[in-house]
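There are 2 protein chains.
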Amino acid sequence: MHTDLVVALDVGGTKIAGALVDSGGGLLQRAQRPTPARAHGERVLAAVGEVLDELAASPLWPDARAVGIGSAGPVDAKAGTVSPVNIPGWRDYPLVDGVRERTGGLPVTLVGDGVAMAAAEHWQGAARGRTGALCMVVSTGVGGGLILGGALHPGPTGNAGHIGHISVDLDGDSCPCGGRGCVERIASGPNISRRALAEGWRPGVDGDTSAAAVAAAARAGDPVATASFERAGRALAAGIAATATLVEIEIAVVGGGVAKAGEVLFAPLRRALEEFATLSFVRGLEVAPAQMGTDAGLIGAAAACWDLAGR
Amino acid sequence: MHTDLVVALDVGGTKIAGALVDSGGGLLQRAQRPTPARAHGERVLAAVGEVLDELAASPLWPDARAVGIGSAGPVDAKAGTVSPVNIPGWRDYPLVDGVRERTGGLPVTLVGDGVAMAAAEHWQGAARGRTGALCMVVSTGVGGGLILGGALHPGPTGNAGHIGHISVDLDGDSCPCGGRGCVERIASGPNISRRALAEGWRPGVDGDTSAAAVAAAARAGDPVATASFERAGRALAAGIAATATLVEIEIAVVGGGVAKAGEVLFAPLRRALEEFATLSFVRGLEVAPAQMGTDAGLIGAAAACWDLAGR
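Line by line, the protein sequences give chains E and Y.
Here the first sequence is numbered in my numbering, starting from 1475 and rising by one per residue.
Here the second sequence is numbered in my numbering, starting from 1475 and rising by one per residue.
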């Protein structure tokens, strides 16, 4: 008895994951392929097709009623197209049509991966029951999604919550997006490493210069490593405070690899938030680590499908 | 035949305006008192009462079905209280109860003045028909309100859209709000004047150092005056781009006294917006002057009442 399943797809620059998801968030059947990220667009779609074919072989497939896609962005939910930065073969690529054709015409809901992650945290994670929430992924990039009025707010094109590319330093370093002083330019893992190295931090004998290695050094008391995480926390705090001041949220949920640094990141983030979240209606803002694990993308794609299909 | 009127109140630090508003936005009866801004809280409420009494003397009063209040913020729509920065006698002051008592128990809707302005521009002004809009007042302060999903987004406490106090310069000057590098700290009229004077601009023989005088000097070619407006435009652009990137809006509507500077403000603002609004889904963002005049506060209070009463 698994009626009304959703076919969930989580499309990223590294892998394409799929699952049949039930209404309790259970992943009943899974499939996965590496993303042929440098290949021609049709070849990338073929990999999506292989994931779908594998799911379609399941005896549960006839219960699938709809498809939910969370994709690396930017996406265009109106046009049904995607242009993931890390998949150059896909520019305004008609992913929704391609998936609809390969699933026998099931209705398809498309959102950005940050929006999907927010849907997952709102459904079963740290933002459960919240009226207003910003859910963020701090990793190689910085992404996010918004819950407003108790519901997912994907925006008309499915891209809302792109906190990584708001400027918190209008005279700051230029960002690959074309802007300047973006949150991602200061707070992403590679930028935490870059800043620590530029200021004189040196990795251990293993040569590991990842943000995780910088976090370990900070935990061991290295002042340069600590300062780089403090700067990241400050940029995240300014972005979170801006979001709360603009749309009113109760909680900011922070996940992704960089959030695994724990208090090395969260402590300076919370301190800076006191400085930036000053107005009465944002002063009670909470910050919490994400609760959903590696399946957040799939569960969120399914959640977004259920949330948005009726709108 | 003016059934279903709304009693609109526009409460600011200078004046308390009231009107009976019909469903077409007509102001059928008006009343106004200066705000006794430095007086005890009860005295300020008495001035609101005088405005209501004057309206209640109208033969149209029996058609009033509800009250809409747009108040200087912060407000707390949940608690029905207001704490306007410029009215120190009101801190968590129960304005909604006070107005309900003085209007025979009519239902009261409270929003911040920026939210009311956005409701007015969405109903009859530059944001008409838009799905997503940020409407701003750039004046002594910088305020705003949001339209999301085609409807007013006041937020749970009625304060959403407070763009004046998002930080666009995390290392910038400290702001009276307690934050740092806020849009208002860079782009408000007094800050435009302050910066021009600090950089060596001198007023004419009339001694006028207002932002309007700086705008006149910029129009006449003064480079310091021009630079001060360029800096303001840049801060506004960063804030507008952040809003669009976070929640997806189609248009930013800019009103208030400083917007009267026209192209002296709008030209650098639009240029800077190209720098900061870089992602595909925000690149088409429009900027337009506000269309509603001095009655925007009253019309917006009525519009917010109609928009929100059913929610």
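Glycine included, each C-beta is placed from N, C-alpha and C at the ideal position.
For the 8 Å CB-CB criterion, Y:A1538 and Y:L1501 do not form a contact. At least one CB atom of chain Y sits nearer than 8 Å to the CB of E:A1716. If you draw a straight line from the Cα of E:G1499 to the Cα of E:V1559, it is about 29 Å long. C-alpha of Y:L1494 to C-alpha of E:E1760: approximately 41 Å in a straight line. When Cβ pairs closer than 8 Å are counted between the two stretches, the segment 1622-1642 of chain E is seen not to touch the segment 1736-1746 of chain E, the count staying below three. With a threshold of 8 Å between beta carbons, E:G1767 makes no contact with chain Y. Counting only residues of its own chain and dropping the five nearest sequence neighbours on each side, Y:A1670 has a CB closer than 7 Å to the CB of V1688, V1698, A1699, S1702. DSSP, read as helix, strand or coil, puts Y:T1583 in strand.
Annotation: Y:E1595 has no Cβ neighbours in chain E at a cutoff of 9 Å; minimum Cβ distance is about 17 Å. Y:G1547 sits close to Y:G1586, with the two beta carbons spaced by under 8 Å. Within chain E, the residues whose beta carbon sits less than 8 Å from that of Y:E1722 are G1629, P1630, T1631, N1633, A1634, listed in sequence order. For the pair Y:L1772 and Y:A1551, the CB atoms are not nearer than the 8 Å cut-off. Residue pairing by DSSP puts E:M1610 in a beta bridge opposite E:G1618, E:V1728. Within chain E, no residue has its beta carbon less than 8 Å from that of Y:F1703; the closest one is some 15 Å off. A contact between stretches requires three or more CB pairs, one per stretch, nearer than 8 Å, and the segment 1577-1593 of chain E fails this requirement with the segment 1710-1717 of chain E. By the C-beta density criterion, E:R1705 is buried, having at least 16 other C-beta atoms within 10 angstroms. Contact note: E:P1548 reaches chain Y through L1753, S1754, F1755, using a C-beta cutoff of 9 Å and chain order. Membership of Y:R1539 in the beta strand (DSSP E) is indicated by the continuous run 1538-1545.
Taking 4 residues as the minimum length, the alpha helix (DSSP H) runs contained wholly in the segment 1650-1732 of chain Y are 1657-1661, 1663-1672, 1685-1693, 1697-1721, in order along the chain. Within its own chain, the residues whose Cβ lies closer than 7 Å to the Cβ of E:Q1503, once the five positions on either side in sequence are excluded, are A1493, L1494, L1529, S1532, L1534, listed in chain order. Chain order gives the chain E residues near Y:L1620 as L1720, V1721, where near means a beta carbon separation below 8 Å.
E:G1492 carries a strand assignment under DSSP once its states are collapsed to helix, strand and coil.
Rounded to the nearest angstrom, the gap between the Cα atoms of Y:A1778 and Y:V1589 is 8 Å. Taking C-alpha positions only, E:F1755 is separated from Y:G1653 by approximately 14 Å.
The beta carbon of Y:D1645 falls within 8 Å of a beta carbon belonging to chain E, placing the residue at that interface.
For E:G1730 and E:R1708, the gap between their C-alpha atoms comes out near 17 Å. For E:V1642, the nearest CB of chain Y lies under 8 Å from its own CB, placing it at the interface with that chain. Check the Cα spacing between Y:H1639 and each of Y:G1615, Y:D1645, Y:G1623: the tightest is with Y:G1615. No residue range can be given for E:A1634, since it is assigned to no beta strand (DSSP E) and is classified by DSSP as neither H nor E. Not one beta carbon of chain Y lies nearer than 8 Å to the beta carbon of E:T1555.
For Y:C1651, the residues of chain E that pass the 7 Å Cβ criterion are T1752, L1753, in the order they occur in the chain. When the alpha-carbon of Y:A1783 is set against those of Y:G1681, Y:I1543, Y:G1736, the nearest one is in Y:I1543.
Within the DSSP secondary-structure output, E:T1605 pairs in no beta bridge.
Contact between Y:V1570 and Y:L1710 does not hold, since the beta-carbon distance rounds to 32 Å and is not under 8 Å. By the rule that beta-carbons nearer than 8 Å mark a contact, E:A1690 does not touch chain Y.
At least one CB atom of chain E sits nearer than 8 Å to the CB of Y:A1712.
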